[in-house]
Amino acid sequence: MADRERRRFLKLAGTAAALSAFPPSIRRALALPASHVTGTIGDVEHIVILMQENRSFDHYFGTLRGVRGFGDRHPIPLASGKPVWFQSDGAREVPPFHFDTKTTSALRTPGTPHAFPDAQAAWSQGRLDRWAQFKTSLSMGYFRREDIPFQFALAEGFTLCDAYHCSVTTGTDPNRIVFWSGSNFDPELRARGENSTDASAEVNNLRCSIEGTYPDPGYRYKGSAFRWPTIPDLLERAGISWRIYQNPNDNWSGLMHGCLAFESFRNSKPGDPIHENGIAGGWLDRFEKDIKNRNLPQVSWILPSQLWSEHPSGSSALQGAEFTCRVLDALTSNPEIWGKTVVFLTFDENDGLFDHVPPPAPPSFDSDGMVAGKSTLNLSGHYFSDPERKYLRPDDRVSATVRPWGLGPRVPMYVISPWSRGGWVNSQVFDHTSVGRFLEKRFGIAVPAISPWHRAVCGDLTSAFDFVNPNDTTFPELPPVANASAQVIAAEERPRPTPPQIPDTLFHEPGMRRSRALPYELHVDGRTRPKASQLTLTFRNSGQTGAVFHVYDRLHLDRVPRRHMVEAGKVLKDNWRLRDDDGRYDLWVLGPNGFVREFRGKLPGDDRASAVVELKYALANRAVELIATNEGQDNATLIVHANAYRRDGPWTLQVGKHRRVTRQWSLVASHHWYDFTVTGYHFARRFAGRMETGAPGFSDPMV
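Counting in this note's numbering, the sequence shown runs from 2 upward without gaps.
This is how it looks when you write it as structure tokens:
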């Protein structure tokens with residue numbers, strides 16, 4: 002759309018869409034207590050789901066206190082030797098920089114590339130090193146609190162998930178298809194262990210794209226239709242009421258409606274439940290009317306118009322806030338309904354906007370076609386095969402032509418409800434299948450398209466709630482968002498945002514945030530074998546959910562990092578051959594919520610000094626326990642340093658030959674966070690993370 006036409010469109014839409022400021026009645030209604038009949042998820046009677054467009058977590062919340070943003074103490078390393086912040090556009094480094102909405106036109110963020118080819122190239126199969134090159138330097142821009150106050154206020158008032166990822170490293174259609182069905186690739190082929198192609202999977206924006214208008218002459222579809230059941234199909238079969246509220250002629254040409262890729266929706270006729278609830282369902286006026294008349298379905302999806310979608314270029318954060326405000330205004334106009342309602346508000350994908358956390362994913366293949374990592378779960382069928390390189394850039398050669406489907410970069414997820422108030426952060430790994438799994442948990446349905454890998458790694462969002470003892474009942478002051486379009490038009494006259502010549506110093510708000518209990522209990526131990534010139538890592542998962550460990554070899558950062566997926570209750574081992582590096586090794590292991598292990602050193606010439614160091618959790622004492630075992634022929638001296646959270650130490654441990662020494666350190670004062678390095682003869686080991694106690698805690702005190 003030409004600039005003049007776009008501004009005229011915004012002016013007309015802004016006049017029609019102008020809303021009053023967030024009224025005090027909403028704050029009063031939200032202060033009412035949650036429904037508390039059973040003290041379980043069964044108290045939720047209405048689930049309202051909003052999926053906005055194209056924002057990454059770091060882009061919105063990299064500066065927010067108490068979340069894993071720009072204050073991350075453990076950013077992954079790039080091949081340059083610098084942290085992940087120092088992305089290169091091919092000519093110079095472009096670290097994250099502030100989108101100043103007061104001096105530039107950044108309120109209306111320019112769009113960046115976000116299709117499968119450039120997304121795969123930027124991700125670089127986990128090296129995460131070519132963002133500015135393939136997404137443009139504008140991909141590194143981010144907002145602060147003063148730029149998007151409404152979004153920050155929602156995060157401060159409710160629960161924000163800082164490990165929620167989009168499901169696929171690509172654009173809108175594939176992610177929205179996952180969101181509405183559980184998968185973007187044929188689950189029957191996956192069950193047979195067959196990898197998908199573009200004939201059986203959605204790679205880019207094809208199958209949801211429509212031509213024509215509704216109802217006359219009707220939609221014309223592109224691409225073949227999928228046949229597995231959508232979540233609305235499953236709800237209909239189970240007798241669960243549902244509706245997709247949309248303007249069928251203002252849904253970004255169908256791209257915001259993931260069900261349009263499916264045969265059940267394409268073949269539905271007027272009068273059919275799928276057609277009436279899923280295509281002709283009515284938009285915000287119908288939503289508001291259903292609430293007023295107490296006809297709100299048990300499950301509702303609300304699609305924004307293009308103007309209110311928050312999509313860079315076509316919309317803005319401010320217009321997205323105005324849309325969100327209207328939805329919340331409608332819900333809280335009826336306190337009885339609000340007391341029984343959960344709102345999930347997330348984004349389909351990240352556009353091209355940078356996020357620094359490596360997405361959990363099945364192991365990638367290297368450029369020689371060798372798998373880089375392992376899994377306790379059979380992952381046959383969880384990959385996309387593109388032998389003709391139809392969807393890969395010519396310069397994307399870091400991996401072979403078989404690519405894992407997910408996950409993709411982090412996107413914001415707000416959990417807004419009377420059971421999730423209080424400004425919490427939840428750091429469990431989630432993705433778009435997690436919303437479907439929450440529906441499974443609440444209504445007893447099964448979404449068969451969700452893959453075993455997603456079920457093992459991604460949670461069901463129930464950990465974001467306290468149904469037994471609902472949170473504080475105060476509601477935050479939400480900034481006014483009226484006349485958003487007029488403000489965006491004014492902002493367009495300012496200069497376009499550009500990266501500064503002198504890079505910004507990364508900013509992160511100080512302070513902690515209440516943090517939900519997580520289901521993780523993870524361990525990684527290392528053992529050297531000098532005679533075999535080998536280092537063996539053992540990944541143990543004694544927690545309640547699966548986890549992905551990313552292993553970066555600091556001596557070979559040009560290689561695809563290995564990923565290891567370990568299901569709950571299982572153990573996995575992998576070996577690193579050290580002959581080519583003269584016995585040297587330097588491995589950096591990353592898991593969820595700041596879990597870090599480092600293994601550095603050089604193989605000794607013999608086994609005379611062979612100490613093995615492990616870290617265990619002494620949960621009863623709220624402490625970590627270091628276990629040092631000397632398997633060599635000489636006495637061993639170990640030095641333990643606290644890298645953070647405490648000011649005492651260092652501590653010296655003397656371990657006689659064939660002896661074991663243990664030492665505990667309390668974690669009570671650090672809110673159960675720890676970070677220790679142990680050095681010995683020819684080696685160093687680092688242990689960092691948070692010990693889970695089964696109870697809520699706090700975010701990292703040192704961030």
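For each residue, glycine too, the CB sits at the ideal point set by N, CA and C.
Pick out whichever of the options has its Cα sitting closest to the Cα of residue i.
| i | options | result |
| --- | --- | --- |
| PHE550 | ALA629, VAL458 and ARG228 | VAL458 |
| ASP649 | LEU393, LEU108 and ASP676 | ASP676 |
| PRO364 | LEU380, ILE50 and PHE355 | LEU380 |
| ALA331 | HIS357, PHE444, ILE292 and LYS442 | ILE292 |
| ARG327 | PHE288, ILE446 and GLU510 | PHE288 |
| SER314 | PRO336, LEU79, GLY353 and GLY340 | GLY353 |
| THR546 | SER301, PHE263 and GLY592 | GLY592 |
| PRO182 | SER168, PHE71 and ASN296 | Correcting the residue type first, residue 182 is Ser in the shown sequence and not Pro. Considering only alpha carbons, the answer is SER168. |
| LEU604 | PRO271, ARG530, VAL68 and GLU615 | ARG530 |
| LEU627 | ALA689, SER671 and LYS574 | ALA689 |
| SER700 | VAL525, ASP163 and HIS433 | ASP163 |
By a C-beta neighbour count over all protein chains shown, 10 Å radius and 16 as the cutoff for buried, is residue i buried or exposed?
| i | result |
| --- | --- |
| SER210 | buried |
| GLU189 | exposed |
| PHE23 | Its pLDDT being 34, under 50, PHE23 is placed unreliably in this model, and the value from its coordinates should be taken loosely. Under this definition PHE23 is a buried residue. |
| LYS136 | buried |
| ASP286 | exposed |
| GLN655 | exposed |
| GLY382 | buried |
| ARG691 | buried |
| ASN622 | exposed |
| GLY606 | exposed |
| MET371 | exposed |
| THR663 | exposed |
| ARG208 | buried |
| GLN634 | exposed |
| GLN665 | exposed |
| GLU337 | exposed |
| ASN542 | buried |
| GLN307 | buried |
| ILE503 | exposed |
Using DSSP with H/G/I as helix, E/B as strand and the rest coil, what is residue i?
| i | result |
| --- | --- |
| LYS375 | strand |
| ASP330 | helix |
| ALA281 | coil |
| CYS167 | coil |
| ILE241 | coil |
| ASN185 | coil |
| MET257 | coil |
| ALA156 | helix |
| ASP587 | strand |
| GLY698 | strand |
| GLY1 | In this structure the chain extends from 2 to 704, so residue 1 is not present and cannot be described. |
| TYR61 | helix |
| LYS571 | coil |
| SER464 | helix |
| SER381 | coil |
| GLU264 | helix |
| MET692 | coil |
| VAL38 | coil |
| TRP229 | coil |
| HIS455 | helix |
| PHE151 | helix |
According to DSSP, what are the bridge partners of residue i?
| i | result |
| --- | --- |
| PRO347 | Here the sequence assigns Thr to residue 347, which means Pro is not the residue at that position. Its beta-bridge partners are MET52 and MET414. |
| GLU626 | LYS617 and GLN665 |
| THR680 | ILE640 and ALA685 |
| MET566 | SER376 and VAL549 |
| ILE446 | ILE446 pairs with nothing; no bridge assigned. |
| CYS162 | MET414 and ASN427 |
| LEU538 | GLY527 and ASP575 |
| ALA654 | This sequence places Leu at residue 654; Ala is not what is there. LEU654 is bridged to LEU639. |
| ASP554 | LEU588 |
| VAL204 | VAL204 pairs with nothing; no bridge assigned. |
Could you check how far apart the C-beta atoms of residue i and residue j are, in whole angstroms? I think they sit under 8 Å.
| i | j | result |
| --- | --- | --- |
| GLY172 | PHE468 | About 36 Å separates the two Cβ atoms, so there is no contact after all. |
| MET52 | PHE180 | 6 Å |
| ASN176 | GLU350 | 5 Å |
| TYR553 | TRP589 | 5 Å |
| ASP59 | ASP356 | 5 Å |
| ASP519 | SER428 | Going by the sequence as given, residue 519 is Leu instead of Asp. That pair is a contact at about 6 Å. |
| VAL436 | GLY460 | That belief does not hold up - the Cβ atoms of VAL436 and GLY460 are roughly 11 Å apart, past 8 Å. |
| PRO233 | TRP243 | 6 Å |
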